[in-house]
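Colleague: Below is the structure I would like to discuss, written out as structure tokens.
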């Protein structure tokens with residue numbers, strides 16, 4: 003079907019405006035060809051249909067990134083980036099094909115369409131599949147934006163510098179804290195999606211991630227300890243920098259000083275109250291990788307032979323406590339994967355990922371050959387402008403319970419309260435893990451006691467998640483996500499967030515890490 | 003698809019270096035036009051074609067520097083990026099030493115053997131043939147086939163212009179047995195797609211994958227080994243990064259003496275060891291200039307075991323008043339006369355190492371490496387390959403290999419695993435290489 007010319011009617015002006023606002027885009031073509039604008043994108047889609055595609059879509063992306071790092075009182079790194087371009091996907095004769103061009107060097111729209119079709123021809127000679135366009139946006143013009151109060155890219159470098167300096171200056175005024183670092187990571191992504199079903203979707207995403215780390219040094223004990231901020235990246239604007247960073251810094255400074263004089267933990271099994279600032283990362287790094295479709299289907303060439311979950315386990319194999327319920331949420335407030343439509347133009351559909359500790363489905367893309375018996379999450383995103391949309395993980399919300407954090411602590415006789423994301427080390431099969439939380443307190447008789455140092459949780463993924471005994475309440479849940487996921491799995495290449503409550507795990511083996519100095 | 007034409011590259015670079023609000027500008031523009039086809043377990047994924055270009059711009063305003071990366075290379079896009087870099091430079095600290103960006107007006111275009119004129123790569127036939135081949139061997143195939151045309155161009159506001167086009171076909175396949183417990187690996191960077199060579203390389207990996215059955219465990223300790231060229235490449239790359247005056251100064255090199263001086267002029271390695279680099283070598287062509295705009299001449303790093311020279315970057319050379327010595331962009335080692343059979347045949351008990359995974363430097367002061375063997379580790383007994391061995395952890399420095407080498411084979415073209423750093427290396431036999439226990443790696 004040839005794309006209907008919706009852009010030539012009422013939506014035309016709007017879409018053109020989205021693609022051509024003066025100061026930020028300034029799209030004056032310098033090529034011999036026509037510059038990239040809404041007409042160019044529509045021409046590419048129409049050309050693909052004219053050349054024989056049964057379906058075509060194009061995603062234009064413009065990404066802006068900024069990284070600032072201040073070490074003590076000195077700006078150490080400042081780097082910005084702008085990247086834009088488009089990826090076209092086509093379907094013809096039972097096969098998908100794709101091609102990308104940068105905005106600077108777009109060539110002719112028909113050439114991009116031809117290139118995508120040629121790649122579909124190559125694959126079509128090898129295998130074929132059905133075209134499934136269910137749930138795709140199919141008409142009209144649509145918009146979605148991350149709700150923000152202030153665009154971080156409109157904030158001056160001086161203001162950003164002063165914000166970072168306010169953190170490091172305050173920390174290093176304390177004699178025992180000789181070093182502090184403050185970072186700011188900003189991402190703005192604008193996208194324009196057009197498909198041959200007559201639809202156009204414009205979306206703008208903002209991700210803001212300010213953070214800090216303070217390092218204390220104990221001269222006498224020759225100890226060096228660090229503590230970093232617990233708030234992870236948010237889909238939000240500059241306003242997050244005004245949200246209790248001062249008190250978070252105060253807490254981190256007090257905690258790192260307490261850590262300096264703390265005694266080492268005694269190695270034994272403990273009941274663990276896990277703070278949400280650690281729990282989300284344990285879900286992210288230890289459990290969710292097993293739901294990567296390539297790994298689960300045995301298509302991960304880097305790790306053959308050692309998958310924990312197999313396709314037949316979906317819906318059957320219990321991998322955690324019956325309390326473990328995970329549901330996707332594409333509109334999670336401040337969630338890094340929150341969107342109106344995915345990068346294939348599908349409206350977000352929320353599903354139950356894990357029910358009663360049993361995985362129900364896996365993320366999937368149009369092109370991944372998944373047996374019909376497997377339930378899939380219809381959610382695709384592109385990692386960058388020059389990559390076709392691929393299976394991605396939506397935001398995830400972990401079911402909550404009724405207890406407050408204090409309530410969880412009160413139900414522990416001898417245990418530990420652990421919080422703050424630490425480095426997680428996994429075996430190659432990702433079935434065993436070790437993590438050192440940033441902070442740990444002894445719990446005695448249902449009360450939080452002294453800080454202990456060197457706490458290392460080391461257990462199997464299966465044992466850990468089966469030890470989940472009580473869930474904390476949703477009012478203490480925290481939404482966190484990794485802005486730069488690099489866990490070597492395709493579905494983690496696009497950020498998403500996890501909302502997790504505090505939780506109590508029973509009888510977990512704890513080891514004492516060696517002193518670091 | 004063809005690579006970007008030079009006039010467009012020059013236009014984009016000119017827009018950057020002619021920017022008037024900075025005192026100096028240095029710009030690196032890289033572009034790639036290519037097509038990649040992936041295969042996993044016999045399932046070929048849709049090929050993806052991409053044309054992309056990006057420019058890294060560094061500018062100086064007064065005593066401060068700013069930098070930005072952009073792929074919006076139309077003149078107003080470049081100007082917008084540079085305005086931001088200027089604003090950004092205002093919050094950067096002032097530097098004490100200003101080393102001007104390179105100024106020589108020079109055109110460097112290597113007589114690259116990477117001159118594929120193919121504009122597209124229909125790998126479906128080859129992938130079909132490869133799939134059929136592994137299926138008949140009851141082995142599964144995963145990997146990719148990619149053709150790319152690349153350019154790297156550098157300009158400065160002081161008159162520098164360097165340009166290097168290249169093209170290559172990259173094939174990378176990992177094979178694994180149906181039960182997933184045995185693997186093989188094949189990787190090639192070729193000037194043009196040669197189906198027969200790719201198939202021959204794959205056949206070697208199939209052979210290894212099939213032979214690596216029922217592996218035995220060996221105790222941690224020292225073993226005489228024969229390292230295949232790719233395994234040697236993975237160990238030599240981190241060692242060559244320590245041939246650096248700055249690394250020596252900062253204590254990150256095995257070439258630092260206890261008194262802080264270096265080992266240049268000293269015989270540190272076995273006499274058989276000679277290491278050179280030459281970006282214009284027709285069997286091993288590589289980038290003829292560095293990313294900071296310094297042309298790379300041919301160079302000798304080790305001659306007959308004697309350390310000949312160290313890399314000296316532009317800042318150090320400016321401080322010392324000397325000329326910079328750029329790092330090598332390829333590596334050529336002199337080989338020996340032994341065949342692979344001869345290297346193996348004189349070993350009573352030892353190991354044949356095909357490759358490594360995840361090698362890391364854990365002690366820069368002696369270039370101590372750790373990582374796992376992978377894709378074929380075999381026991382050698384009484385001069386013959388006898389059994390497969392479970393993968394083990396390497397705990398050794400390449401410096402030791404260079405000192406204790408027993409024999410060398412003929413050189414062949416290779417590269418480090420998963421990345422393009424062309425080398426001409428032989429297989430090598432070395433005694434008493436230190437390994438730890440089983441790595442658990444499949």
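Protein chains in written order, with this note's numbering: chain A, 3 to 519; chain B, 3 to 444.
We treat Cβ as the ideally placed atom computed from N, Cα and C, and that holds for glycine.
1) Less than 8 Å between the CB atoms is what I'm expecting for residue 470 of chain A and residue 507 of chain A, so what's the real figure, rounded?
2) Where does residue 501 of chain A sit, in a helix, a strand or coil, going by DSSP?
3) Once the 5 residues before and after residue 263 of chain A are set aside, which same chain residues still bring their CB inside 8 Å of it?
4) With distances taken between CB atoms, is the gap from residue 480 of chain A to residue 405 of chain A smaller than 8 Å?
5) Output yes or no for whether 8 Å exceeds the beta carbon distance between residue 275 of chain A and residue 414 of chain A.
6) Going by other Cβ atoms of all chains shown within 10 Å of its Cβ, with 16 needed for buried, is residue 8 of chain B buried or exposed?
7) Tell me the DSSP bridge mates of residue 164 of chain B?
8) According to DSSP, simplified to helix, strand and coil, what is residue 387 of chain B?
9) So that I know if they touch, is there some Cβ in chain D lying closer than 8 Å to that of residue 74 of chain B?
10) Does the distance from the CB of residue 482 of chain A to the CB of residue 500 of chain A come in under 8 Å?
11) I'd like to check one pair, residue 83 of chain B with residue 84 of chain A: are the Cβ atoms closer than 8 Å?
12) With C-beta atoms as the reference, is residue 188 of chain A less than 8 Å away from residue 64 of chain A?
13) Should residue 325 of chain B go down as buried or exposed, given a rule of 16 or more other Cβ atoms within 10 Å for buried?
14) Residue range of the alpha helix (DSSP H) that residue 40 of chain A falls in?
15) Report the option in B:390, B:90, B:171 and B:238 whose CA atom is closest to the CA atom of residue 213 of chain B.
16) Among B:79, B:175, B:274 and B:149, which one has its Cα closest to the Cα of residue 302 of chain A?
17) Name the chain A residues that come within less than 9 Å of residue 294 of chain B, Cβ to Cβ?
18) In whole angstroms, what is the alpha-carbon distance linking residue 142 of chain A and residue 174 of chain A?
19) Could you tell me how far apart the beta carbons of residue 42 of chain B and residue 296 of chain A are, in whole angstroms, since I believe they sit closer than 8 Å?
20) Across the stretch 106 to 114 of chain A and the stretch 91 to 109 of chain B, are there enough close Cβ pairs to call them in contact, namely three or more that are closer than 8 Å?
21) Go ahead and label residue 318 of chain A buried or exposed: buried means 16 or more other beta carbons lie within 10 angstroms of its beta carbon, across all protein chains shown.
22) Should residue 444 of chain B go down as buried or exposed, given a rule of 16 or more other Cβ atoms within 10 Å for buried?
23) Under 8 Å between beta-carbons, which chain B residues line up against residue 77 of chain A? List them in chain order, please.
24) What ranges does the alpha helix (DSSP H) occupy inside the stretch 234 to 263 of chain B, keeping only unbroken runs of at least 4 residues that lie completely in it?
25) So, under 8 Å CB-CB, residue 212 of chain A and residue 242 of chain A are touching, yes? Tell me the CB distance rounded to an integer number of Å.
26) Using the rule of at least 16 other Cβ atoms within 10 Å of the residue's Cβ for burial, across every protein chain shown, is residue 350 of chain A buried or exposed?
27) Could you give the first and the last residue of the continuous alpha helix (DSSP H) run that contains residue 85 of chain B?
28) Say whether chain B places a C-beta atom closer than 8 Å to the C-beta of residue 408 of chain A.
29) So, is the C-beta of residue 429 of chain B closer than 8 Å to a C-beta in chain A?
30) Are the C-beta of residue 82 of chain A and some C-beta of chain B separated by less than 8 Å?
31) Please report how far the alpha carbon of residue 454 of chain A lies from the alpha carbon of residue 73 of chain A, in whole angstroms.
32) Say whether chain B places a C-beta atom closer than 8 Å to the C-beta of residue 103 of chain A.
33) Using a cut-off of 9 Å between C-beta atoms, extract the partners of residue 304 of chain B located in chain A.
34) Do residue 125 of chain A and residue 90 of chain A have their C-beta atoms within less than 8 Å of each other?
35) Across the stretch 286 to 301 of chain B and the stretch 320 to 339 of chain B, are there enough close Cβ pairs to call them in contact, namely three or more that are closer than 8 Å?
36) Closer than 7 Å, Cβ to any Cβ of chain B: which residues of the stretch 362 to 376 of chain A, in chain order?
Modeller: Short version:
1) As a position in the first chain, residue 470 of chain A is number 468, starting the count at 1. As a position in the first chain, residue 507 of chain A is number 505, starting the count at 1. Sure, about 6 Å apart at Cβ, within 8 Å.
2) By 1-based counting over the first chain, the position of residue 501 of chain A is 499. For residue 501 of chain A, the secondary structure class from DSSP, reduced to helix, strand or coil, is strand.
3) Position 261 of the first chain holds residue 263 of chain A. Within the same chain, residue 263 of chain A has close Cβ partners 220 and 223.
4) By one-based count along the first chain, residue 480 of chain A stands at place 478. By one-based count along the first chain, residue 405 of chain A stands at place 403. No, they are not a contact pair.
5) On the first chain, position 273 is the one that residue 275 of chain A refers to. On the first chain, position 412 is the one that residue 414 of chain A refers to. Yes, these two residues count as a Cβ contact at 8 Å.
6) Numbered from 1 along the second chain, position 6 holds the residue referred to as residue 8 of chain B. So residue 8 of chain B ends up on the exposed side.
7) Taking the first residue of the second chain as position 1, residue 164 of chain B is located at position 162. According to DSSP, which records beta bridges pairwise, residue 164 of chain B is partnered with B:156.
8) Within the second chain, numbered from 1, the residue matching residue 387 of chain B stands at position 385. Of the three classes helix, strand and coil, the one that applies to residue 387 of chain B here is strand, per DSSP.
9) Within the model displayed, chain D is absent; protein chains A and B are what it includes.
10) Here residue 482 of chain A refers to the residue found at position 480 of the first chain. Here residue 500 of chain A refers to the residue found at position 498 of the first chain. Yes. Within cutoff.
11) Here residue 84 of chain A is taken as the residue at index 82 of the first chain, counted from 1. Here residue 83 of chain B is taken as the residue at index 81 of the second chain, counted from 1. Yes, the pair counts as a contact, with Cβ atoms nearer than the cut-off.
12) In the first chain, counting from the first residue as 1, residue 188 of chain A sits at position 186. In the first chain, counting from the first residue as 1, residue 64 of chain A sits at position 62. For residue 188 of chain A and residue 64 of chain A, no; Cβs fall outside 8 Å.
13) Along the second chain, one-based indexing puts residue 325 of chain B at 323. It counts as exposed.
14) Stepping through the first chain from its first residue, residue 40 of chain A is reached at position 38. Looking at the DSSP string, the run of the alpha helix (DSSP H) that includes residue 40 of chain A is 40 to 52.
15) Translated into positions along the second chain, residue 213 of chain B becomes position 211. Among B:390, B:90, B:171 and B:238, the Cα nearest to that of residue 213 of chain B is on B:390.
16) Locating residue 302 of chain A in the first chain gives position 300, where the first residue counts as 1. When each option's Cα is compared against that of residue 302 of chain A, the closest is B:175.
17) If you number the second chain from 1, residue 294 of chain B lands on position 292. Going along chain A, no residue has its Cβ under 9 Å from residue 294 of chain B, so there is no contact; the nearest lies around 17 Å.
18) One-based indexing of the first chain puts residue 142 of chain A at position 140. One-based indexing of the first chain puts residue 174 of chain A at position 172. If you take the alpha carbons of residue 142 of chain A and residue 174 of chain A, they lie about 55 Å apart.
19) Here residue 42 of chain B refers to the residue found at position 40 of the second chain. Here residue 296 of chain A refers to the residue found at position 294 of the first chain. Sure, about 7 Å apart at Cβ, within 8 Å.
20) The answer is no - the stretch 91 to 109 of chain B does not touch the stretch 106 to 114 of chain A, with fewer than three Cβ pairs under 8 Å.
21) Translated into the one-based positions of the first chain, residue 318 of chain A becomes position 316. It counts as exposed.
22) Here residue 444 of chain B refers to the residue found at position 442 of the second chain. It counts as buried.
23) Locating residue 77 of chain A in the first chain gives position 75, where the first residue counts as 1. Result: 93, 94 and 95.
24) 247 to 251
25) Within the first chain, numbered from 1, the residue matching residue 212 of chain A stands at position 210. Within the first chain, numbered from 1, the residue matching residue 242 of chain A stands at position 240. Confirmed, Cβ separation roughly 7 Å.
26) On the first chain, residue 350 of chain A is found 348 positions in, with the first residue counted as 1. Looking at its Cβ environment, which holds 16 or more other Cβ atoms inside 10 Å, residue 350 of chain A is buried.
27) Residue numbering aside, residue 85 of chain B sits at position 83 when the second chain is read from its first letter. Counting along the chain, the alpha helix (DSSP H) containing residue 85 of chain B begins and ends at 77 to 91.
28) Counted from its first residue, the first chain places residue 408 of chain A at position 406. Chain B contact via Cβ: absent.
29) For the purposes of this step, residue 429 of chain B is taken as residue 427 along the second chain, with counting starting at 1. No, residue 429 of chain B lies away from the interface with chain A (no Cβ there is under 8 Å from its Cβ).
30) Numbered from 1 along the first chain, position 80 holds the residue referred to as residue 82 of chain A. With 8 Å as the cut-off, residue 82 of chain A counts as an interface residue toward chain B.
31) As a working note, residue 454 of chain A is residue 452 in the first chain. As a working note, residue 73 of chain A is residue 71 in the first chain. Pairing residue 454 of chain A with residue 73 of chain A, the inter-Cα distance amounts to about 28 Å.
32) Counted from its first residue, the first chain places residue 103 of chain A at position 101. Residue-level contact check: residue 103 of chain A touches chain B, since one or more beta carbons of chain B fall below 8 Å from its beta carbon.
33) On the second chain, position 302 is the one that residue 304 of chain B refers to. For residue 304 of chain B, no chain A residue has a C-beta closer than 9 Å to its own C-beta; the minimum C-beta separation is roughly 34 Å.
34) To locate residue 125 of chain A, count along the first chain from 1; it is residue 123. To locate residue 90 of chain A, count along the first chain from 1; it is residue 88. In this structure, residue 90 of chain A does not lie closer than 8 Å to residue 125 of chain A by Cβ.
35) Short answer: they touch.
36) Answer in chain order: 369 and 371.
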